[in-house]
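Residues 0 to 258 in numbering that gives the first Met the number 0 are what the sequence shown lists, from first letter to last. What follows is one structure encoded as structure tokens, with my remarks underneath.
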Amino acid sequence: MVHLDVIAGLFVVAALAGALDAIAGGGGLVTLPALLLAGLSPVQALGTNKLQGAVSAISSTSAFARRGLIDWKSALPVALAAAAAGLCGALCASLLSPQLLRAVVPILLIGIALYFGFSRALKSEDVAPRLALIPFACFVAPLVGFYDGIFGPGAGAFYMVAIVTLLGYGVLKATAHTKLANAASNLGSLSLFVLKGVVIWPVGLAMALGAFIGAQVGSRLAMRFGPRLIRPLLVVISCAMAVKLLADPANPIRQAIGF
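Listed below in structure tokens is the structure:
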């Protein structure tokens, strides 16, 4: 049993992570280690983290939607594809060794940080898309959603860079659509964790409440400051996730170079 003081602490952690996640993603960098430190097993921590992460993304999505930043006609096909792929990823998690992902994902995240840091493609206004919606929903969104279900770190950054570069959305609109897609793939993978009975509900619901509140605050900050806030945080969070993954002693890159 998790004590009430620990649950209260996790509520605060989730609120802070929810605010961060609403702006630039990466809230799991904070919440997952906190759950492990609270004494949950790795599978319980993953399942419980998906619950609070899904609520966080739903909360920020609702805030962006109230401002009219989500084009539901284009967003729903992407979200449905992401949800189905997230479930498939979670189903396949036990079949695929995470070693390859541990090696590749940090490199991709560093590349994304460089892209967001230096690219002139990041604009406040929409530009002409490079890929039509249907191919994006059929191929790109499921790829990121599957990754979110099977591994997870950096999924928000991957959604963001895909939406900006391929659909041509401005930064704030892309952030709104990223949160919806992230919510969908989180819900898809969460459904499997619920069926497996590994979600610790008292902890998950308390964190979900904190994440909901934090995401409301974070989404309002994102809408107020726009690219001035979103862009640097995306760079920082992508680098932080890469460093965290590389810091794992089991990371193949560390093992290959002898650290």
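A virtual CB, placed ideally from N, CA and C, is assigned to each residue, including glycine. Treat the numbers as computed from the prediction; the structure is a model and nothing was measured.
Assign residue i to one of three DSSP states: helix, strand, or coil.
i	result
residue 94	coil
residue 150	coil
residue 199	coil
residue 85	helix
residue 130	coil
residue 249	coil
residue 230	helix
residue 37	coil
residue 68	coil
residue 8	helix
residue 158	helix
residue 125	coil
residue 225	coil
residue 118	coil
residue 46	helix
residue 2	coil
residue 209	helix
residue 169	coil
residue 187	helix
residue 24	coil
With residue i and residue j assumed to form a contact (beta carbons below 8 Å), what rounded beta-carbon distance in angstroms separates them?
i	j	result
residue 199	residue 12	Not confirmed; about 15 Å, so no contact.
residue 188	residue 147	7 Å
residue 84	residue 144	3 Å
residue 81	residue 180	5 Å
residue 9	residue 37	6 Å
Nearest to residue i by CA position, among the options, is which residue?
i	options	result
residue 154	10, 234, 117 and 142	142
residue 32	244, 253 and 234	244
residue 127	163, 149, 197 and 116	163
residue 225	166, 68, 158 and 248	68
residue 71	248, 177, 236 and 110	177
residue 216	7, 3, 16 and 5	16
residue 196	179, 49, 14 and 223	49
residue 109	78, 256, 30 and 234	234
residue 73	182, 241, 3 and 136	136
Go ahead and label residue i buried or exposed: buried means 16 or more other beta carbons lie within 10 angstroms of its beta carbon, across all protein chains shown.
i	result
residue 88	buried
residue 254	exposed
residue 117	exposed
residue 152	buried
residue 27	buried
residue 77	buried
residue 138	exposed
Does the beta carbon of residue i come closer than 8 Å to any beta carbon on chain B?
i	result
residue 53	Among the chains in the structure shown there is no chain B, since it carries only a single protein chain.
State yes or no: is the C-beta of residue i nearer than 7 Å to some heavy atom of the ligand PLP?
i	result
residue 62	Ligands are entirely absent from the displayed structure, and the ligand PLP is therefore not among its contents.
Practice task
Could you tell me whether the region 191-210 touches the region 98-112, where touching means 3 or more Cβ pairs closer than 8 Å?
Solution key: With a cut-off of 8 Å, the region 98-112 and the region 191-210 do not count as touching, because too few Cβ pairs lie within range.
Problem - Validate contact between the region 18-38 and the region 56-74 using beta carbons, cut 8 Å, 3 pairs - result: Note that the region 18-38 touches the region 56-74; at least 3 beta-carbon pairs, one per stretch, sit closer than 8 Å.
Practice task
Taking 8 Å as the threshold, find out whether the region 30-48 comes into contact with the region 169-179 through three or more Cβ pairs.
Solution key: A contact is defined here as three or more CB-CB pairs under 8 Å, and the region 30-48 fails this definition with respect to the region 169-179.
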